[in-house]
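Colleague: Before I ask anything, here is the structure I am working with.
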Amino acid sequence: MNTKIKMNKELSVLLALDLTEMDAVLLRYISFLCSKWPIKKLYFVHNVKRSALHNLYEDLLKEGITIEGIVERELNRNIKAHFTGSCNYELLTTSDNYTESVLTELAEQYEVDAVMAGNKSEIQGTGILTQKLVRMLDCSLLLVPETTQNRLHKVLVPTDFSTASARSFDAARSLVENFDGEIEALHVYGIPSFFFPYIDFEQALDRTKLHLDTRMQQFIKKHELPRYIKFKFVDKEESSTVEVIEEEAEKGSFDMMIISAKGANNLTKLFVGSTTNDMLLRDRVMPLLVIK
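Under the numbering used here, think of the first position of the sequence shown as 7, with each following residue one higher.
What follows is the structure in structure tokens.
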């Protein structure tokens, strides 16, 4: 399966619905994306978890009525009310205790390019299920928050200058270049504090900036990135890398953040980079696209 999102191919997207208020946000956002991305097929998926509460009321249902039937009718009602895209879609309902396993299996079965889920939905929860999804999926994962805006003019791409992070730029270019979107790269660095009593801070800062500029130029050349991509370097000082990324994203009013599932320490497909892992645990105001 080709897991890279490329505009020179039509996309298949799997959208996880959970029958909460978040579904309306997701359906409106995917409707917007249908007008921007070449989406050939959508799969709306809901996994019915049979809880003790479901079983308690099941025998009270009228003849011919099933929980699955009720769920499907509610899903269709929501889709009709909030989905305005022109993309072809199919509704899939499943019943399993492990939603992340269902989404992973369906993503593989239908060879989807990306799985989309709500940042506030059951898929997010404490972040544990989302972390499992990133590890299990062979495709990209798009997390959409409740506060998302239906626009895609500015995209932020955090980078550690690794080959893995370069894939984020491929996706960013593919997703925004056809309508003149803006891409900004962000590298967060830190000068070890234990050096401060022994070195001149201004000289250390100048040397660091020169080093980062050299790495940037090598990175651009190696991965043939267009020169219009603006690179920004930010000293994290006493903050964490993730805190700085989130602050810069909100300060710059970006419409989407794109980050690689793995960083410089790209060991195996089972491991997610520490920065990406921390990003999955945080709330945010713009969608996060995790590239595999």
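Yeah, the Cβ is synthetic: ideal placement off N, Cα and C, and Gly gets one too.
Nearest-angstrom Cα distance between V248 and G75?
Modeller: Rounded to the nearest angstrom, the two C-alpha atoms are 43 Å apart.
Colleague: Which of the three DSSP states, helix, strand or coil, is assigned to N94?
Modeller: coil
Colleague: On a CA-only basis, which of E183, K47, L158, V150 is nearest N94? Give me that one, please.
Modeller: Closest in C-alpha terms to N94, from the list E183, K47, L158, V150, comes K47.
Colleague: Which one or two residues does DSSP pair with A300 in a beta bridge?
Modeller: Lying before the first or after the last residue shown, residue 300 is absent from the chain, which here runs from 7 to 298.
Colleague: Secondary structure at T274, three-state DSSP: helix, strand or coil?
Modeller: At T274, the pLDDT of 38 sits below 50, so the modelled position is not reliable; the number obtained from the coordinates is stated separately. Reduced to three states, the DSSP call for T274 is coil.
Colleague: CB S164 to CB V291, shorter than 8 Å?
Modeller: Checking the sequence, you will find Pro at residue 164 rather than Ser. Contact flag unset, no.
Colleague: In this structure, how does DSSP classify H217 when only helix, strand and coil are distinguished?
Modeller: helix
Colleague: Among S266, K228, G124, whose alpha-carbon lies nearest the alpha-carbon of D166?
Modeller: S266
Colleague: In angstroms with no decimal places, state the Cα-to-Cα distance between Y195 and D241.
Modeller: 5 Å
Colleague: Check whether the stretch 179-187 touches the stretch 208-215, taking contact to mean three or more Cβ pairs, one atom from each stretch, closer than 8 Å.
Modeller: no
Colleague: Per DSSP, what are the beta-bridge partners of F239 in this structure?
Modeller: H193
Colleague: Name the two residues that bound the continuous beta strand (DSSP E) containing F175.
Modeller: Run containing F175: none in the beta strand (DSSP E); it sits in the alpha helix (DSSP H), 169-182.
Colleague: Just tell me which of S168, I297, R179, E80 has its CA closest to the CA of R221.
Modeller: S168
Colleague: Would you list the one or two residues that DSSP bridges to N53?
Modeller: T100
Colleague: Measure the Cβ-Cβ separation of A178 and I264 and say whether it is below 8 Å.
Modeller: Yes, these two residues count as a Cβ contact at 8 Å.
Colleague: Tell whether a beta-carbon distance below 8 Å holds between L20 and V161.
Modeller: no
Colleague: Does the CB of F225 have a neighbour CB from chain C at under 8 Å?
Modeller: The structure shown contains no chain C, having only a single protein chain.
Colleague: Since G91 and S37 are thought to touch, with beta carbons under 8 Å apart, how far apart are those beta carbons, to the nearest angstrom?
Modeller: 4 Å
Colleague: Kindly list the residues whose CB is nearer than 7 Å to the CB of D284, restricted to its own chain and excluding five residues on each side of it in sequence; keep chain order.
Modeller: V248
Colleague: Please state the DSSP three-state secondary structure of S266.
Modeller: strand
Colleague: What's the gap between the Cα of E244 and the Cα of W43?
Modeller: 39 Å
Colleague: Can you check which of these residues, Y49, A30, L149, Y104, is closest to H88 by C-alpha distance?
Modeller: A30
Colleague: Who are the Cβ neighbours of F225 in its own chain at under 8 Å, not counting the five residues just before and after it?
Modeller: Excluding residues within five positions, the ones whose Cβ falls inside 8 Å are T165, F167, A172, L231.
Colleague: On the CB-based measure, 16 or more other CB atoms within 10 Å of its CB, does F260 come out buried or exposed?
Modeller: Label assigned to F260: buried.
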